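Position 104 of the sequence shown, counted from 1, bears residue number 182 in the numbering used here, the numbering being contiguous throughout.
The beta carbon of each residue, even a glycine, is placed where N, CA and C say it ideally should be.
Nothing here was measured: the structure is a model prediction, and the numbers come from that model.
Each remark here refers to the structure printed beneath this line.
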Amino acid sequence: MSAADHPIPSFPLTLKAVSKPWLATVLAAPESDLLAFTVTAPAVKRGYGSDIGFIDLQWRPASATRHLPERLLIKVMPDYPATAEMARRRRTFCREACFYHEFAASTPVRLPKAYAALWDDGTGDAVLLLEDCSAMQAFSFSNPPDLAQLEHIVDAAARLHAHWWGRSVALDASEAVMGPSHPVWRQWADEMPANWAAWLDSSIAASMSPEWIHLCQKLAATAAARMTEQWPTMNLTLCHMDMHCQNIFFDAATPLDPVVFFDWDGCHLGCGVHDIAYLFGLLPVELRRQVEAPLLNRYHTQVLQAGVSDYNYAALMQDYAFGCLFNTFLIPMQLALDLSEEQGVADARQMVIGLLQMVIDNQAERLLAAPERE
């Protein structure tokens with residue numbers, strides 16, 4: 079169901095456009111019971127693919143709205159023009175809202191409850207009104223999960239991937255899930271050579287060593303093929319695509335199931351261990367090197383215990399190496415982000431180094447010469 083089919087005629091595209099009538103409507107509450115609300119943006123804004131705000135709501139005492147939340151998180155279209163254009167062109171928010179309608183209830187991992195997930199197929203605009211998880215522990219690239227927390231994250235990822243393993247036909251039929259046959263995926267693959275060329279001509283690339291630039295040139299030359307004719311056809315499942323530590327909350331109050339995955343706009347059909355490669359590739363390099371082998375073993379054990387069969391460790395490592403290459407799509411994507419702040423630029427450069435070092439450490443560069451991926 080898209081916004082065009084939904085009884086709500088419109089939705090806010092910016093934090094400033096959030097209104098009392100809209101909130102009352104989507105929360106199915108009398109407007110008179112919502113006494114006041116405030117929308118607050120995070121203190122530090124980084125250049126990622128949405129604008130996020132926290133909504134504090136004040137309800138009339140002893141009203142029928144006692145069950146409604148007093149704090150919510152809202153995701154709206156990014157105000158940075160290049161990021162907004164990318165979100166609309168690639169339908170990222172449309173797919174995330176669609177994911178909540180199609181898959182949230184049947185996905186065996188925790189994700190924020192959606193109070194509203196609305197989108198417009200015509201424009202690519204969307205809005206998400208979600209459970210506030212700010213009381214849970216959050217992570218950052220400079221303050222990543224510890225080993226025990228990473229074990230929980232890997233276990234949850236294995237549970238997600240095992241659940242959707244081998245259900246390619248159903249997943250490929252959904253607009254919420256990309257894959258090589260999806261129009262947006264094909265468009266993305268077609269744009270890869272130009273995007274890489276632009277990045278290689280950027281100031282960030284100019285600060286890199288010749289060795290890193292040479293590897294980037296090889297990655298650029300094979301990027302489109304990696305997403306099309308070389309894309310895996312075996313061991314496929316639902317992948318998150320953006321499973322880095324800043325999209326994960328840790329709820330210590332529920333120790334048996336503490337991991338909450340956020341930001342589902344990149345769902346696609348791929349090998350589950352690609353998500354693990356993405357998670358590890360955005361950890362600090364030394365931490366990644368310490369945890370990589372034991373956690374890959376743990377992930378393999380977990381997916382087998384969850385019912386996956388005919389998937390040996392050698393196949394997992396082959397898929398992992400491919401994931402190390404695929405996840406370098408993040409490098410040219412940097413040019414669509416708002417990196418006007420010094421910390422954002424530093425994070426971007428560190429991300430490039432981490433992704434490239436992961437390719438080297440796992441000898442994934444050998445796959446760049448392979449003409450075809452079985």
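Put simply, of Glu364, Gln295, Thr311, Gln227 the residue whose alpha carbon is nearest the alpha carbon of valine 247 is Thr311. With a 10 Å radius around the Cβ and a threshold of 16 neighbouring Cβ atoms, glutamine 441 comes out exposed. Under a 10 Å Cβ-count criterion, aspartate 425 is classified as buried, with 16 or more other Cβ atoms of the shown protein chains found around its own Cβ. Between the alpha carbons of phenylalanine 407 and proline 336 lies a distance of about 29 Å. Taking the C-beta atoms as reference points, glutamate 174 is found no nearer than 9 Å to alanine 194. Residue range 129–137 is occupied by the beta strand (DSSP E) that includes aspartate 134. The DSSP-derived three-state label of alanine 106 is coil. If you draw a straight line from the Cα of leucine 249 to the Cα of aspartate 198, it comes to about 21 Å. Ranking Arg304, Ala235, Gln324 by CA distance to the CA of threonine 379 puts Ala235 first.
For threonine 379, the uninterrupted alpha helix (DSSP H) segment begins and ends at 363–383.
With 16 or more other Cβ atoms from the protein chains shown falling within 10 Å of its own Cβ, isoleucine 409 counts as buried. Pairing glycine 350 with histidine 239 gives a Cβ-Cβ distance under 9 Å. The DSSP-derived three-state label of serine 259 is coil. When secondary structure is reduced to three states using DSSP, leucine 189 falls in the coil class, being assigned neither helix nor strand.
Along the length of the stretch 271–359, whole alpha helix (DSSP H) runs at least 4 residues long occupy 281–284, 288–304, 350–359, reported in chain order.
Annotation for valine 117: the continuous beta strand (DSSP E) segment containing it runs 112–118.
Boundaries around leucine 208 are those of the beta strand (DSSP E), 204–209, since no alpha helix (DSSP H) includes it. At a Cβ-Cβ threshold of 9 Å, proline 258 and threonine 306 count as neighbours. Put simply, of Phe339, Thr315, Asp329, Gln308 the residue whose alpha carbon is nearest the alpha carbon of cysteine 323 is Phe339.
Around the CB of lysine 94, fewer than 16 other CB atoms lie within 10 Å, so the residue is classed as exposed. Cβ-Cβ distances below 7 Å link alanine 216 to Phe327 in the same chain, with the five nearest sequence neighbours on each side left out; the list follows chain order.
In terms of Cβ geometry, tyrosine 398 and histidine 352 form a close pair [threshold 9 Å]. In the structure shown, glutamine 441 falls within a coil segment according to DSSP collapsed to helix, strand and coil. Look at arginine 149 here: in three-state DSSP terms it is strand.
DSSP, read as helix, strand or coil, puts tryptophan 266 in helix. In this structure, the alpha-carbon of threonine 116 lies about 43 Å from that of methionine 436. Less than 9 Å divides the Cβ of leucine 101 from the Cβ of isoleucine 133.
For phenylalanine 407, no alpha helix (DSSP H) segment is defined, and its DSSP state is neither H nor E.
Taking glutamine 368 as reference, the option from Ser387, Leu228, Gln412, Ala393 with the minimal CA-CA separation is Leu228.
When Leu446, Ser280, His230 are compared, the shortest CA-CA separation from leucine 403 is found for Leu446. Taking a contact as a CB-CB distance under 8 Å, the pair leucine 413 and serine 281 does not count as one, their CB atoms being some 10 Å apart. For valine 154, the beta-bridge partners assigned by DSSP are Asp129.
Leucine 228 carries a helical assignment under DSSP once its states are collapsed to helix, strand and coil.
Cβ-Cβ separation between methionine 214 and aspartate 329: approximately 5 Å, consistent with a contact (criterion under 8 Å).
Between the alpha carbons of alanine 165 and methionine 411 lies a distance of about 12 Å.
For threonine 201, no alpha helix (DSSP H) encloses it, and the DSSP letter there is neither H nor E.
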